[in-house]
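Here is the structure we will look at, set down as structure tokens.
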């Protein structure tokens, strides 16, 4: 039932999840699409259309049950499973991301940290020791990971990603400023800070 | 001439800029849309269409002059001007971003670092001392900033952003997990790591 849904709709789902999370925390039990529309600044019709892609969830005259909708969107986003992550490249950004994941949502668990700099081996981030990249193969044999976070210079990221694919990793959260060319069944989500900042710069310049 | 261009086209410009940067570094002087198409994995027709939005730049039978195109796209993206940034919230992520900007493109200059934690006041990141957030008003009077980077918990980000708008800041690079509601002439570029990771999780689950 979740096939054929546009990527634009899927891209909006985490935002719904975040607002529902806040409503849950605030003790709100149910909400109409009209009320949700006001706080999210999107039309009620868009909300209904987006959620109808997954089968609806709302009841005429009742609205949405916040807890149920939160759980269902979480399930759609794959958050009901635990994802095991490794972080490769523990510079400032990698350190921040590792910290962020370790202290964040329970759906994502950091199982290993790796860096090419031997000087970092054995240092700990939130109790997890940093290992050398040469330890990846042995580590992944015992502790398979779902997601590799790449926070490396672009030159290193390409070789590391190829190696990780050979070792069975199928998803990448890529912070390196390079387009990885990986097999078709491998999922890559790019976070390109440089492009984001340039886009901001454009909008400042053009006033849009 | 740059009005009415779709945001999707603009979003693609930094990627062109990155590839042209690499071509320049590699000493390539000119390139056809066909060759650019092969390395960027987009169609030559898309490249021609995208660039035609800004007046073209290519010459029949010659292709694109790499250096000229690089410079022009940089100009379109506002990179020919210097942007002055402040970073508010110098935790792990703020620290990484500050570092990243300080060591990156010359178009972006970090002029001040601020944190609400008095324990951080006076600590330095790449030679720039961290100040308390209460110092923002005096600081910005003497050293106006174009862009504020927000790497704060969401509860604090809203108040800080409102305060910065009152102090004249008109552009925000927002890493806080909150939708800022600011006046219409203020530009906000959100980087929501949590939403990016959830989107990756969805694609892993659905195999898309």
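Residue numbers (our numbering), protein chains in the order written: chain A, -11 to 196; chain B, -11 to 196.
All C-beta atoms, glycine included, are put in the ideal place defined by N, C-alpha and C.
Quantities reported herein were computed from a predicted structural model and do not represent experimental measurements.
From the DSSP output, which residues share a beta bridge with residue 178 (chain A)?
A:162
Under the assumption that residue 177 (chain B) contacts residue 188 (chain A) (Cβ atoms under 8 Å), give the Cβ distance between them as a whole number of angstroms.
4 Å
Write down every uninterrupted run of the alpha helix (DSSP H) in the region 54 to 98 of chain A whose length is 4 residues or greater and which is fully enclosed by it, in chain order.
54 to 64, 80 to 90
Give me the Cβ distance between residue 109 (chain B) and residue 120 (chain B), rounded to the nearest whole Å; I'm assuming they're in contact under 8 Å.
5 Å
Residue burial classification, residue 159 (chain B) (beta-carbon count within 10 angstroms, cutoff 16):
buried
What is the rounded straight-line gap between the Cα of residue 54 (chain A) and the Cα of residue 92 (chain B)?
43 Å
Taking only beta-carbon atoms, is residue 188 (chain B) less than 7 Å away from chain A?
yes
Beta-carbon contacts of residue 191 (chain A) that lie in its chain and below 7 Å, excluding the five residues immediately before and after
none
Contact under 7 Å by Cβ, residue 166 (chain B) with residue 145 (chain B)
yes
Does the Cβ of residue 84 (chain A) have 16 or more other Cβ atoms within 10 Å, making it buried, or fewer, making it exposed?
buried
Residue 118 (chain B) versus residue 78 (chain B): straight-line alpha-carbon distance, rounded:
8 Å
Starting from the beta carbon of residue 96 (chain A), find every residue of chain B whose beta carbon is closer than 9 Å, and list them in chain order.
185, 189
Can you find a C-beta in chain A that's less than 7 Å from the C-beta of residue 179 (chain B)?
yes
Cβ-based neighbour list, residue 131 (chain B), same chain, cut-off 7 Å, excluding 5 preceding and 5 following:
99, 100
7 Å Cβ cutoff met for residue 135 (chain A) and residue 71 (chain A)
yes
Selection of the region 120 to 136 of chain B by Cβ proximity to chain A, strictly under 9 Å:
134, 135
Alpha-carbon spacing of residue 36 (chain B) relative to residue 163 (chain A), whole angstroms
28 Å
Taking CB distances under 7 Å as the criterion, tell me whether residue -2 (chain B) reaches chain A.
yes
Beta-carbon gap between residue 73 (chain B) and residue 96 (chain B) smaller than 7 Å
yes
DSSP three-state call for residue -3 (chain B): helix, strand or coil?
helix
Does residue 80 (chain B) have its Cβ less than 7 Å from a Cβ in chain A?
yes
Cβ atoms of residue 43 (chain B) and residue 19 (chain B): under 7 Å apart, would you say?
no
Would you mind telling me which residues of chain A sit closer than 9 Å to residue 39 (chain B), beta carbon to beta carbon, in chain order?
Near residue 39 (chain B) there are no residues of chain A at all, since even the closest Cβ is about 15 Å away, more than 9 Å.
Taking the continuous alpha helix (DSSP H) assigned at residue 32 (chain A), which residues delimit it?
32 to 40
If the cut-off is 8 Å on Cβ atoms, which residues from the region 45 to 74 of chain A count as contacting chain B, listed in chain order?
64, 65, 66, 67, 69, 71
Can you name the start and end residues of the beta strand (DSSP E) that residue 104 (chain B) belongs to?
Careful: residue 104 (chain B) lies outside any beta strand (DSSP E) and carries neither H nor E.
Taking the alpha carbon of residue 1 (chain B) as the point to measure from, which residue in B:65, B:10, B:45 has its own alpha carbon closest?
B:65
Which term fits residue 56 (chain A), buried or exposed, when burial requires 16 or more other beta carbons within 10 angstroms of its beta carbon?
exposed
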